[in-house]
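Peer 1:
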Amino acid sequence: MSHPLIIPMAAQVALAAFLYVLLTVARAPKIWGIGRRSDGSNPWAAVEPRISANLSNQFEWPLFFYAACLILMQSAPGNLALPLAWVFVAGRVLHSLVQILTTNIRLRGLVFTINFLAVLGLWALIVLHSLN
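Numbered by my numbering, the letters in the sequence shown go through residues 187 to 318 in order.
#1: Between the stretch 262 to 281 and the stretch 296 to 306, do at least 3 Cβ pairs fall closer than 8 Å?
#2: Three or more C-beta pairs closer than 8 Å, one from the stretch 285 to 294 and one from the stretch 234 to 242: is that the case here?
#3: To the nearest whole angstrom, what separates the beta carbons of Arg278 and Pro248, a pair I think is in contact under 8 Å?
#4: Once the 5 residues before and after Trp230 are set aside, which same chain residues still bring their CB inside 6 Å of it?
#5: State yes or no: is the C-beta of Val279 nearer than 7 Å to some heavy atom of the ligand FAD?
#6: Going by the CB atoms, is the gap between Ala310 and Leu191 shorter than 8 Å?
#7: Closest by CA to Ile217, which one among Glu234, Ser316 and His189?
#8: Using the Cα positions of Gly221 and Ile312, report the straight-line distance between them to the nearest angstrom.
#9: Considering only residues of the same chain and omitting the five flanking positions on each side of Val297, which have a CB-CB separation below 6 Å?
#10: Mark Leu317 as exposed unless 16 or more other C-beta atoms lie within 10 angstroms of its C-beta, in which case mark it buried.
#11: Sorted by chain position, which residues of the same chain lie with C-beta nearer than 6 Å to Phe251's C-beta, five sequence neighbours on each side aside?
Below, the structure is given as structure tokens:
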């Protein structure tokens with residue numbers, strides 16, 4: 187039987203995979219000429235760097251999420267681990283939307299705080315469990 191934390195972990199992987207696809211589409215006009223405007227420009231040129239930056243972000247703080255989930259899967263995570271994992275994933279989706287679709291750095295920082303606190307909560311569960 188699989189562990190319930192596998193599903194939010196898979197959702198986070200799916201987000202990263204989606205961002206790879208989105209980045210490929212955004213780069214297609216420049217690299218393959220597919221989807222270029224009639225003047226030869228890339229309609230995705232303004233958003234492509236933000237997609238790329240967001241994809242890079244998926245290999246920073248989320249690593250602490252994966253590590254926490256793997257540790258919690260080996261111990262008794264309690265009732266809070268799964269909701270915290272889903273808060274993290276929802277926060278990452280929201281963070282991706284804000285980073286890709288806007289240039290509002292304040293809002294992006296605020297949204298990142300959701301992810302940050304959720305992972306800190308997962309690690310707090312690990313520490314509390316290890317003290318018992």
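Just so you know, even glycine gets a beta-carbon here, dropped at the ideal spot from N, CA and C.
Peer 2: Considering the structure as presented:
#1: yes
#2: yes
#3: Numbered from 1 along the sequence shown, position 92 holds the residue referred to as residue 278. Numbered from 1 along the sequence shown, position 62 holds the residue referred to as residue 248. Indeed they touch by this definition, with Cβ atoms about 7 Å apart.
#4: Along the sequence shown, one-based indexing puts residue 230 at 44. Within the same chain, Trp230 has close Cβ partners Ala212.
#5: Inclusion of the ligand FAD in the displayed structure is not the case, the ligand content being empty and no account of it being possible.
#6: Numbered from its first residue, the sequence shown carries residue 191 at position 5. Numbered from its first residue, the sequence shown carries residue 310 at position 124. No, they are not a contact pair.
#7: To locate residue 217, count along the sequence shown from 1; it is residue 31. Taking only the C-alpha atoms, the option nearest Ile217 is Glu234.
#8: The residue you call residue 221 lines up with position 35 of the sequence shown. The residue you call residue 312 lines up with position 126 of the sequence shown. Distance between the alpha carbons of Gly221 and Ile312 is about 48 Å.
#9: The residue given as residue 297 occupies position 111 in the sequence shown. Counting only Cβ-Cβ distances below 6 Å, and skipping sequence neighbours, we find Leu280, His281 and Val284.
#10: As a first step, residue 317 must be located in the sequence shown, where it is residue number 131. By the 10 Å Cβ count, Leu317 comes out exposed.
#11: Position 65 of the sequence shown holds residue 251. Answer for Phe251: Phe274 and Val305, listed in chain order.
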